[in-house]
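**Student:**
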Amino acid sequence: MQQTIRDLLSQCPGLLQEDKDKLEGVARGMPFVADISRSDLLLYARCGEQEALLIAQARPHSIMPVHADDLCGTRVSAREEAEVIRALQRGHRVKGSRRSRAGGAPAIREISVVRGAGGKAIAALNVEANLIAYVRQKSRSKVFQRAVRLLQAMLLLGELEAVDTLSPFREHDGVLVVDSRRVTRYASGIATEHYRRLGYLDSLVGRHLSTLDTGDYALFRDVYRDLSCYEREYEERQQRVWSRKAVPLIARSWGEPRWRPWEWLHRRPVGVLFTIHDATEERHKERELKVKSAMIQEIHHRVKNNLQTVAAVLRMQIRRSGNPEVKQILRDSINRILSMAVVHEYLSSDEGTTINIREVTQRIIQQTKQAILSPEKRIRILLEDGHNLYLPARQATACALVINELLQNAVEHGYEERNVGTISVELADEGDQVRIVIRDDGEGLPPDFEIGQTTSLGLQIVQTLVQDDLQGSLEMESGEGVQATVRFSKKILEGEEHWNGQG
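Residue numbering for the sequence shown follows numbering that gives the first Met the number 0, beginning at 0 and increasing consecutively.
1) Grab me the residues of V32's own chain with a C-beta within less than 7 Å of its C-beta, minus the 5 sequence neighbours each way, in chain order.
2) Assuming contact is defined by CB atoms lying nearer than 7 Å, are E109 and S76 in contact in what I supplied?
3) In angstroms, rounded to a whole number, what distance separates the CA positions of L381 and I437?
4) Report the rounded CA-to-CA distance for V93 versus R148, giving the unit in angstroms.
5) Using only CA atoms, which one of L426, R5 and I356 lies nearest to A392?
6) Under a three-way DSSP split, which group does R37 fall into?
7) Beta carbon of L288, beta carbon of G270: below 7 Å?
8) Please report how far the alpha carbon of E17 lies from the alpha carbon of A116, in whole angstroms.
9) Taking contact to mean 3 or more Cβ pairs, one atom from each stretch, closer than 8 Å, check whether the region 423-432 and the region 447-467 are in contact.
10) Does the distance between the C-beta of V134 and the nearest non-hydrogen atom of the ligand FMN fall short of 6 Å?
11) Is the region 366-374 touching the region 409-423 in the sense that three or more CB pairs, one from each, lie closer than 8 Å?
12) Buried or exposed for H386, going by 16 or more other Cβ atoms inside 10 Å?
13) Is the beta carbon of P30 less than 7 Å from the beta carbon of A57?
14) To the nearest angstrom, report how far apart V174 and A340 are at their CA atoms.
15) Quick one: give me the first and last residue of the beta strand (DSSP E) that V359 is part of.
16) Taking only three categories from DSSP, how would you classify E82?
17) Do the region 295-302 and the region 272-286 meet, that is, are 3 or more Cβ pairs less than 8 Å apart?
18) Could you please give the first and the last residue of the uninterrupted beta strand (DSSP E) stretch that includes G72?
19) Could you tell me the distance, in whole angstroms, from the CA atom of D221 to the CA atom of L159?
20) Kindly provide the ranges of any beta strand (DSSP E) runs that are 3 or more residues long and lie completely inside the region 173-247, ordered along the chain.
21) Taking S140 as part of the alpha helix (DSSP H), name the residues at either end of that continuous run.
22) When DSSP labels each residue in this structure, what does G451 get in the three-state scheme?
23) Ignoring anything shorter than 3 residues or poking outside the region 272-298, list the beta strand (DSSP E) runs there in chain order.
24) Hey, would you say L197 sits closer than 7 Å to E235, going by beta carbons?
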């Protein structure tokens, strides 16, 4: 199981709790800074004088990362990471060091120090980019480069408030840098193209935000006031949806005396960095998905109603029939229909495609008690305690029918000569497998019973569902009653959407 940053920090005994809190804040801001910097970010926490532990890693979305693998949890010494250990020991930045990557281009790295209580170096932040990306980044506007340096400095101080609430940076996001006077000082090529689609054909550089009929001015005002990150969507010209993220740029002056450089004064905002993204297609797809989901829910609702109508018609037939055998067959059919209706009822009221089979089983147990157990029978049907078990709709429907049939079989054949007993249902999640066990303390199986030779319609239905629909196995054992065990894999059946055990 992947370790969390708190798990990793617990392996660094020399850190104070406030130091750990600060490093968690730094880690939360790393993904955004990695994207803007177009670099990999690796955060090493100090673990003694000669070792460091990689506690957080962020890779850029817009370019190929330097490190494709997850390296968190790697413990390093001066032998593996000499620059990292040197930065921690000396307490200052190690800049522009070059090293080759196995099978790849050289990488440029700048290692900065994160300071904790009293100015002690508690971690080193490695900003690493391949040589080509580094050269391209350095050739961009000086305004943009300064904005990136400010973001990296804010990251080291843990001052990127709420940056972890922003959606991920995308390859086709445009970037603007606006100064404290609300004048645009930098616009990337992608941002320029986005604003042209909004009708602004002239250069954005030098333009005041108040001259733009967009939400930029109001967004700037809120970010500048709160010194916190914001993300908003606006539907503008031609009904296009534009997503904007805004991050304050905060500069600081050095404190006094100069030999204590971790002390800073004059925390002042100097501008805002905007990103703009055309989210129109994404929102259209989300709306289409919502409409389709609503239609599917309505279909399930109608199927449930139709099944209940069929069950009502069969009840009328029971009342009209004078043949006990026909009545029993109709009752069994009603229970099968209602067990399917339960699944469709859950699907009609839930937007998801997975069903909590524990809740379905509880409903089937109630239906069995009401429909099959006669008043003189004092038979308890219990659902054993356990965790929720979520299954996709197709498997849930098959499971509901299997549980219904096995309960009916236990009630009808296990207690013909008895009025008292207990039937229990166990639902077990075994990782990749599901196990369903139904036990009774009834009369047991006949001595010559073979599941493959049974003439019971209910058990034949169970076999078909288990083998064909669930692609699992069925075992029936006789002892102090009967135990029926069904096992099947959680694999996705053809045409079934992805699901997970968390629902």
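Think of the CB as a built atom: it goes at the ideal place given N, C-alpha and C, for glycine as much as any other residue.
**Tutor:** Well, looking at it:
1) Taking the sequence shown and counting its residues from 1, one reaches residue 32 at position 33. Result list for V32: L40, L150, Q151 and L154, in chain order.
2) By 1-based counting over the sequence shown, the position of residue 109 is 110. By 1-based counting over the sequence shown, the position of residue 76 is 77. Contact: no.
3) As a working mapping, residue 381 is identified with position 382 in the sequence shown. As a working mapping, residue 437 is identified with position 438 in the sequence shown. Whole-angstrom Cα-Cα distance: 10 Å.
4) For the purposes of this step, residue 93 is taken as residue 94 along the sequence shown, with counting starting at 1. For the purposes of this step, residue 148 is taken as residue 149 along the sequence shown, with counting starting at 1. C-alpha separation (whole angstroms): 15 Å.
5) Against the sequence shown, residue 392 aligns to sequence position 393. For the residues L426, R5 and I356, the minimum Cα distance to A392 belongs to I356.
6) Counting from one through the sequence shown, the residue named residue 37 turns up at place 38. Reduced to three states, the DSSP call for R37 is coil.
7) Against the sequence shown, residue 288 aligns to sequence position 289. Against the sequence shown, residue 270 aligns to sequence position 271. Not a contact, by the Cβ cut-off of 7 Å.
8) In the sequence shown, the residue the question calls residue 17 occupies position 18. In the sequence shown, the residue the question calls residue 116 occupies position 117. If you draw a straight line from the Cα of E17 to the Cα of A116, it is about 8 Å long.
9) no
10) As for the ligand FMN, it is missing from this structure, which has no ligand bound.
11) yes
12) Residue mapping note: residue 386 aligns to position 387 of the sequence shown, counting from 1. Result: exposed.
13) Looking up residue 30 in the sequence shown gives position 31. Looking up residue 57 in the sequence shown gives position 58. Against a cut-off of 7 Å, the Cβ pair of A57 and P30 comes out as a contact.
14) As a position in the sequence shown, residue 174 is number 175, starting the count at 1. As a position in the sequence shown, residue 340 is number 341, starting the count at 1. The alpha-carbon atoms of V174 and A340 are separated by roughly 53 Å.
15) Along the sequence shown, one-based indexing puts residue 359 at 360. Counting along the chain, V359 falls outside any beta strand (DSSP E), though it belongs to the alpha helix (DSSP H) covering I356 to A370.
16) The count along the sequence shown starts at 1 and reaches residue 82 at position 83. Correct three-state label for E82: helix.
17) no
18) The sequence position of residue 72 within the sequence shown is 73, counting from 1. Element bounds for G72: n/a, residue is neither H nor E.
19) Looking up residue 221 in the sequence shown gives position 222. Looking up residue 159 in the sequence shown gives position 160. Going by the C-alpha atoms only, they are around 15 Å apart.
20) 173-178, 183-186 and 229-235
21) The residue labelled residue 140 in the question sits at position 141 within the sequence shown. Careful: S140 lies outside any alpha helix (DSSP H) and carries neither H nor E.
22) By 1-based counting over the sequence shown, the position of residue 451 is 452. Three-state result, G451: helix.
23) Runs of the beta strand (DSSP E) lying entirely within the region 272-298, each at least 3 residues long, are absent.
24) Position 198 of the sequence shown holds residue 197. Position 236 of the sequence shown holds residue 235. Cβ distance < 7 Å, so L197 and E235 count as in contact.
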